[in-house]
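Student:
Residue numbers (my numbering): 4 to 184.
1. In the DSSP assignment, find the beta strand (DSSP E) that holds residue 93 and state where it starts and stops.
2. Rounded to the nearest angstrom, how far is the Cβ of residue 95 from that of residue 66, given a contact under 8 Å?
3. Using the C-alpha atoms, what's the distance from residue 17 back to residue 79?
4. Name the DSSP beta bridge partners of residue 11, please?
5. Need the endpoints of the alpha helix (DSSP H) that residue 125 sits in, please.
6. Would residue 112 be called buried (16 or more neighbouring beta carbons within 10 Å of its own) or exposed?
7. Where residue 11 and residue 142 are concerned, what is the direct C-alpha to C-alpha distance, given to the nearest angstrom?
8. Please confirm whether residue 128 has its beta-carbon closer than 8 Å to some beta-carbon of chain B.
9. Please name the residue, chosen from 54, 45, 92, that lies closest to residue 76 on a Cα-to-Cα basis.
10. Can you tell me which residues form a DSSP beta bridge with residue 151?
11. Check for me: the beta strand (DSSP E) holding residue 46 runs from which residue to which?
12. Where do the N-terminal and C-terminal ends of the alpha helix (DSSP H) with residue 168 fall, by residue?
13. Could you please give me the residues that DSSP links to residue 104 through a beta bridge?
14. Where do the N-terminal and C-terminal ends of the beta strand (DSSP E) with residue 28 fall, by residue?
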């Protein structure tokens, strides 16, 4: 779902000098967490309220949203692999309790991807950066093509898609999928 990763500079502009994020809950990926803090994201054509901040802090701010969210804001962000900071067609304003920040890059729809540890990847014969297919079964079964494989020693296996993709096939957090390799 939509969320924002903040850099230290933007955190302090939005929430105040010396501000520290407040952990709400751990996420599945080790060291990653949802924060109590939320922000609003605004354009001249729309607003998304209560966008969850995720921690820890990053070197660059990145706002990830779905195509449905993008249409609501009337922006056309690129679909990118995580960490890519591509300029967008129309800036967005991130509004916090103490200030606001204009983002002209780092606004994106995240490329669907799967996290794997090196051991999991080795057992499956997969390498970081390659693309595979992933099948979601059920009443609205679908095969996701061009799923980016991400391998890192800090990762545990987890399939990441946006809310539009999940809703299209009825996937929920914790559901299992099949890797087609």
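From the three backbone atoms N, C-alpha and C, an ideal C-beta is built for every residue, glycine too.
Just so we're clear, the structure is a prediction, and the values are computed from it rather than from any experiment.
Tutor: So, to answer that:
1. Stepping through the chain shown from its first residue, residue 93 is reached at position 90. Judged by DSSP secondary structure, residue 93 falls within the beta strand (DSSP E) whose first and last residues are 90–98.
2. Residue 95 sits at position 92 when you count from the first residue of the chain shown. Residue 66 sits at position 63 when you count from the first residue of the chain shown. Confirmed, Cβ separation roughly 7 Å.
3. Against the chain shown, residue 79 aligns to sequence position 76. Against the chain shown, residue 17 aligns to sequence position 14. So the two alpha carbons sit approximately 24 Å from each other.
4. Position 8 of the chain shown, counted from the start, is the residue given in the question as residue 11. Answer is none; residue 11 lacks a bridge partner.
5. Position 122 of the chain shown holds residue 125. Counting along the chain, the alpha helix (DSSP H) containing residue 125 begins and ends at 121–127.
6. Translated into the one-based positions of the chain shown, residue 112 becomes position 109. Classification for residue 112: buried.
7. Position 8 of the chain shown, counting from 1, holds the residue named residue 11. Position 139 of the chain shown, counting from 1, holds the residue named residue 142. Cα-Cα distance, rounded: 44 Å.
8. Going by chain labels, chain B is absent from the structure shown, which holds only one protein chain.
9. As a first step, residue 76 must be located in the chain shown, where it is residue number 73. Distances from the CA of residue 76 to each of 54, 45, 92 were compared; the closest alpha carbon is that of 45.
10. For this step, residue 151 is matched to residue 148 along the chain shown. Looking at the DSSP output, residue 151 shares a beta bridge with 116, 134.
11. Stepping through the chain shown from its first residue, residue 46 is reached at position 43. DSSP places residue 46 inside the beta strand (DSSP E), whose first and last residues are 36–46.
12. In the chain shown, counting from the first residue as 1, residue 168 sits at position 165. Taken as a continuous stretch (DSSP letters only), the alpha helix (DSSP H) holding residue 168 covers 166–172.
13. As a first step, residue 104 must be located in the chain shown, where it is residue number 101. Paired residue(s): 97.
14. As a first step, residue 28 is located in the chain shown; it is residue number 25 there, counting from the start. Where residue 28 is concerned, the enclosing beta strand (DSSP E) stretches over 26–29.
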